[in-house]
Every structure is written in structure tokens, then in C-alpha cells.
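Encoded as C-alpha cells, the structure appears first; notes follow it.
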Amino acid sequence: MLITDDFLPVPVPESLTATYLVPTTGSVDPAPAEAVAALGGRLSGPVHDLARQMLDSPLMTVDTRPIAEFPHLPPDLLTAFGATDTQLARLDAATELVVVQASYRPGWPPAHEWAARTVACAVAESLGADVVDVFALQFLDPATALRSLPDAEGRVRLIDWVLVPYSSDDGGLWFTTKGLRRFGLLELQAQGVPSHLTRAWGAVMTGVARRLLRAWTDGLTDSEVPAFVQLPVVTSVTGHDIAVAYGNPQQHDTTGPAALRLELDPATDPDADSFLTLLPPSGHPGPTGRYFAAVCATLFGAAAQSDVRYARPDDAMARAIATARDGLPGIRDRFLAGTLPDGVQLLVKYGLPTDEGPEFVWAGVTSWATPERIVGASASDATADPAVRVGQPVVVDAVDVVDWALLDGSGVIEGGWTQAVLDAGDRSQR
Numbered sequence: 315m316l317i318t319d320d321f322l323p324v325p326v327p328e329s330l331t332a333t334y335l336v337p338t339t340g341s342v343d344p345a346p347a348e349a350v351a352a353l354g355g356r357l358s359g360p361v362h363d364l365a366r367q368m369l370d371s372p373l374m375t376v377d378t379r380p381i382a383e384f385p386h387l388p389p390d391l392l393t394a395f396g397a398t399d400t401q402l403a404r405l406d407a408a409t410e411l412v413v414v415q416a417s418y419r420p421g422w423p424p425a426h427e428w429a430a431r432t433v434a435c436a437v438a439e440s441l442g443a444d445v446v447d448v449f450a451l452q453f454l455d456p457a458t459a460l461r462s463l464p465d466a467e468g469r470v471r472l473i474d475w476v477l478v479p480y481s482s483d484d485g486g487l488w489f490t491t492k493g494l495r496r497f498g499l500l501e502l503q504a505q506g507v508p509s510h511l512t513r514a515w516g517a518v519m520t521g522v523a524r525r526l527l528r529a530w531t532d533g534l535t536d537s538e539v540p541a542f543v544q545l546p547v548v549t550s551v552t553g554h555d556i557a558v559a560y561g562n563p564q565q566h567d568t569t570g571p572a573a574l575r576l577e578l579d580p581a582t583d584p585d586a587d588s589f590l591t592l593l594p595p596s597g598h599p600g601p602t603g604r605y606f607a608a609v610c611a612t613l614f615g616a617a618a619q620s621d622v623r624y625a626r627p628d629d630a631m632a633r634a635i636a637t638a639r640d641g642l643p644g645i646r647d648r649f650l651a652g653t654l655p656d657g658v659q660l661l662v663k664y665g666l667p668t669d670e671g672p673e674f675v676w677a678g679v680t681s682w683a684t685p686e687r688i689v690g691a692s693a694s695d696a697t698a699d700p701a702v703r704v705g706q707p708v709v710v711d712a713v714d715v716v717d718w719a720l721l722d723g724s725g726v727i728e729g730g731w732t733q734a735v736l737d738a739g740d741r742s743q744r
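The opening position of the sequence shown corresponds to residue 315 in the numbering used here, with each subsequent residue numbered one higher.
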């Protein structure tokens, strides 16, 4: 392998393992092959074939074990990633776990993840049970998780597999990814991100993850797994990278590219994670945060600025909220029945309390088992609540919902009444 200053050698693990759990009560027969077959046309042909082949091979195991034999699942972390009280109660009452594990070499497709998630969700649906993704310490709604699997052309949304959490530090915000290790790649981090760029920078991190994952898997195409893959020290990210990562490949973006430098940050503690750190290109003058702001401006323009909006106490907004709320039962029924159009995402808009009035944010719906509570992933970063971040799990009380919308690659195709009122107000002020 030729090592130059233009490339960064990143170590490749020999193999990868995915683990999913299905908590149950009493002795059960998971019957994984029958459960997968029962999914029928809900799986693409390639995914169905992959799951069946892995089940018939020593690369996958499906075991039922007493729950006491498995390491304790911390309820506080599960709650932080969206677990409901009902899910935690079912886990606490469970006596056994169906443990689905699959191993495979690094590369594309990540057969271990695709197959293990398929089988675990199939088993959970057949038993009327939950699924726990051990990597993310996250409950998954089986029906929603099945939709995260590749379509017939092998396409997935990276945001269904990689989260972008962040926290505050002395110099600003510290962003990381959580999910690239599923594919063997080190997680990304960025430090010193200005706080007003939370939403934009989360999208940047997701776009960079998509760009690097492509370079990573392109370096793993040989029959032998290499010891290292060389990633470019200076990588670029475009609006199209971000659109693809969010599942909108038809969006043709003309912004960017913006350049970022990679630096390997190895862990000194053997139990800690190493990272690929995102930095400005070498020789860039000024603070790191200023360059990150320039990257967001290049990719998003004015949209990179904070977009917190508060309710207007006027008749038009009141009518918009009433219309949206009247339609909640119907859109929930369509979501649960799986009758929404292909490629469409359901989002809900809800209020977070602040001293200036409620701050409204959006969340993509992943589960809506009871009318009163909606489980989803945040589609925006909240100023009022540092726990509400793009891609992070959220639990929304239906009474707090003021709007809903169906989105495809072209934008809102149904709903979004409050946003229409806000947009009309913006136009009237021009």
C-alpha cells in the first residue's frame, strides 16, 4: 500500500457482527425461516434471498436464551434513544430473549446488518414483540425497521442507520456519528461547532458520512480484506451527498462542494472509540468554528442560520392547527395500514416550551402504536431542548402536535398547513 500525505490509512476489522434482540415471555419457538417467508412482498427480492441464505449458513445464529444470561440493557440509555414506558415494561417482564446475530466481512453490502435486522423484525412481528438494536441501544418498531432495509435496487437511507448526536463542550458543540462502525468504518467527530449551526451541521456530518462510506466500501471490493483502506485526507461534501443520505436522491443540488480535512484521532483507552476528526483544510486562517460556518453557508446559504419560529396568535394559524389536528386520526390509520405512497415520509410538528412561547420542531414518525404517543426521529434541532437533535429519537405526545406533513423528494405533498401560513406571511413582508 502506497502511503502519501494525500491519503489517510484507516484500519479494517477482520469481521463485523450485528446483534438484535426480541424480548419474550415464556418459552417460544421463533421459527425464523417461516417468519421471514411470511413477510412476502414487504421485502425486496435481494433482501429476502440474503436473509434466507444467511439463515442457512453458519454466519447467522438465532437462539432463545434466558434473559438473565444476557448483559443488562440499561433503561436510562434506552430511554434516551426513544424507549417508551410500555416498551421498558415489556422488557422488564420478559423472561427470555431471542438473540439474532450475524457476522460478515467488511464491505458492501453489509450482509450481517441487512440479514440480522430482517430476521429479528420478522420474528418480532410473528410473536407480537419488540426489537432491540444492540448497536444503537434502541427499540425498533418492526414495521418501520423493515422499511429501512434496501429496496430492489439496493438503496437505503443512511439516516436510518447512522445517528448524529452532539453535546456541549468548552469551545462550542461536539458532534459525533453513531452507526458507521456497523460498516467497519471509524465514527466521525467535529468539535467547536457554533451552537446556531446545530441543524445545518448535523446534515453536513450525515453528508460527509455518506461520502466517506462510499470511499470506504470502494476500497473493500477485493476478495481479500485489506489491513487498511486509504481515505482522502481532504474530502468534499455537496448538497447532493446530503440529499442522498436523507433518501432524496432525485434532488439535484448545485451548491458546494465544501472541503474538510480528516485527521485520525486514536483512542488512548483500549475501551474507548477512535475517531476520524473533521477539521478545516491545512493552512486555513482563523477559528475552526468560523470555517464550519462557511461550510454551512456554502451548502445551505441563509438556511444555515437558526430557523426557530414561534406561533402567531392569528386566525389563519388557529385554523391551520385545527385542520391538522382534525386529520391526525386519519393519517395515523393510513400510516399503520401502510397505505402511504412509496417513498413518502410522515412528519409531525410539535411545540417545545420556551420563555418566548413554544418552539416548533418537526419529527419523522417511526412508530405510532397508541393514539396518544408518537415515536420518531427528530428532523430538526431544538434551541430550547439540547436533547432534541437531528436524527435523535424523540417521543411526542399527540396533544402537542400542531401539524403533520407527507414529504417526498419534491417537498410537501400533503399537510403542512401551519408552514403554509408562515410562508404566506414571509411573502407578504417582502
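Ideal Cβ placement from N, Cα and C applies to all residues, glycine included. This structure is a prediction, so every number in the text was calculated from the model and none was measured.
Where do the N-terminal and C-terminal ends of the alpha helix (DSSP H) with residue 606 fall, by residue?
For residue 606, the uninterrupted alpha helix (DSSP H) segment begins and ends at 602 to 614.
On the DSSP bridge assignment, give the partners of residue 709 in chain order.
689
Write down every uninterrupted run of the alpha helix (DSSP H) in the stretch 426 to 462 whose length is 4 residues or greater and which is fully enclosed by it, in chain order.
456 to 461
If I follow the unbroken alpha helix (DSSP H) through residue 592, where does it start and stop?
Looking at the DSSP string, residue 592 is not in any alpha helix (DSSP H); the run it does join, the beta strand (DSSP E), is 589 to 593.
If we ignore side chains and look at the alpha-carbon of each, how far apart do residue 589 and residue 379 end up?
For residue 589 and residue 379, the distance between alpha carbons rounds to 34 Å.
What residue from 456, 558 and 405 has the CA that sits closest to residue 353's CA?
456
Check whether the Cβ atoms of residue 443 and residue 336 sit closer than 7 Å, and answer yes or no.
yes
Could you please give me the residues that DSSP links to residue 489 through a beta bridge?
The beta-bridge partner set that DSSP reports for residue 489 consists of 480 and 504.
Looking at the strands, I want to know which residues DSSP matches up with residue 544.
Here residue 544 is bridged, per DSSP, to 323.
Provide the residue span of the alpha helix (DSSP H) that contains residue 748, from first to last.
In this structure the chain extends from 315 to 744, so residue 748 is not present and cannot be described.
By the three-class DSSP mapping on this structure, what secondary structure does residue 617 have?
Because residue 617 sits at a pLDDT of 49, beneath the cut-off of 50, its placement in the model cannot be relied upon, and the following sentence gives the value as read from the coordinates. Correct three-state label for residue 617: helix.
Could you tell me if residue 673 is buried or exposed, where buried requires 16 or more neighbouring beta carbons within 10 angstroms of its beta carbon?
buried
Sort out for me which residues DSSP pairs residue 415 with in a bridge.
Answer by DSSP bridge pairing, in chain order: 333 and 375.
Which class does residue 405 belong to by DSSP, given the choice of helix, strand or coil?
helix
Grouping DSSP H, G and I as helix and E and B as strand, with all else coil, what is residue 681?
strand
Would you tell me roughly how many angstroms separate the C-alpha atoms of residue 491 and residue 533, rounded to the nearest one?
21 Å
So residue 325 packs on residue 541, CB below 8 Å; how close in whole Å?
Residue 541 and residue 325 do touch by the CB rule: their CB atoms are close to 7 Å apart, below 8 Å.
What residue does the beta strand (DSSP E) around residue 381 start on, and which one ends it?
No beta strand (DSSP E) holds residue 381; DSSP gives it neither H nor E.
Three-state secondary structure (DSSP) at residue 410?
Strand.
Determine the contact status of residue 391 and residue 463, defining contact as a CB-CB distance below 7 Å.
no
At the level of alpha carbons, what is the spacing between residue 701 and residue 483?
15 Å
Please return the same chain residues whose Cβ sits closer than 8 Å to the Cβ of residue 728, not counting the five positions on each side in sequence.
719 and 720
For residue 410, is the beta carbon positioned less than 6 Å from some heavy atom of the ligand MN?
This structure does not include the ligand MN; it has no bound ligands of any sort.
Within 10 angstroms of the Cβ of residue 367, are there 16 or more other Cβ atoms? Answer buried if so, exposed if not.
exposed
Determine the direct distance from the alpha carbon of residue 501 to that of residue 476, and round the result to whole angstroms.
10 Å
Return helix, strand or coil for residue 581, following the three-state DSSP convention.
coil
Identify every residue that forms a DSSP beta bridge with residue 729.
DSSP output for residue 729 lists 719 as bridge partner(s).
Which residue wins for smallest C-alpha separation from residue 603, given the options 323, 504, 643 and 655?
504
Sorted by chain position, which residues of the same chain lie with C-beta nearer than 6 Å to residue 561's C-beta, five sequence neighbours on each side aside?
471
DSSP three-state label for residue 736, please.
helix
Could you spell out where the alpha helix (DSSP H) holding residue 350 opens and where it closes?
Residue 350: member of the alpha helix (DSSP H) spanning 346 to 352, first to last residue.
Please look up how many angstroms separate the CB atoms of residue 614 and residue 696, rounded, as I've assumed it's under 8 Å.
About 18 Å; that fails the 8 Å criterion.
When the Cα atoms are used, what is the spatial distance from residue 316 to residue 365?
Residue placement at residue 316 is flagged as unreliable, the pLDDT there being 43, under the threshold of 50; the coordinate-derived value follows with that caveat. Rounded to whole angstroms, residue 316 to residue 365 spans 38 Å at the Cα level.
Once the 5 residues before and after residue 459 are set aside, which same chain residues still bring their CB inside 7 Å of it?
Residues 431, 435 and 445 of the same chain have their beta carbon placed closer than 7 Å to that of residue 459, with the five preceding and five following residues left out of the count.
When DSSP labels each residue in this structure, what does residue 626 get in the three-state scheme?
No answer about residue 626 holds up, because its pLDDT of 39 lies below 50 and its placement is not dependable.
Count the other C-beta atoms from every protein chain shown that fall within 10 angstroms of the C-beta of residue 554, then say buried if there are 16 or more, exposed otherwise.
So residue 554 ends up on the buried side.
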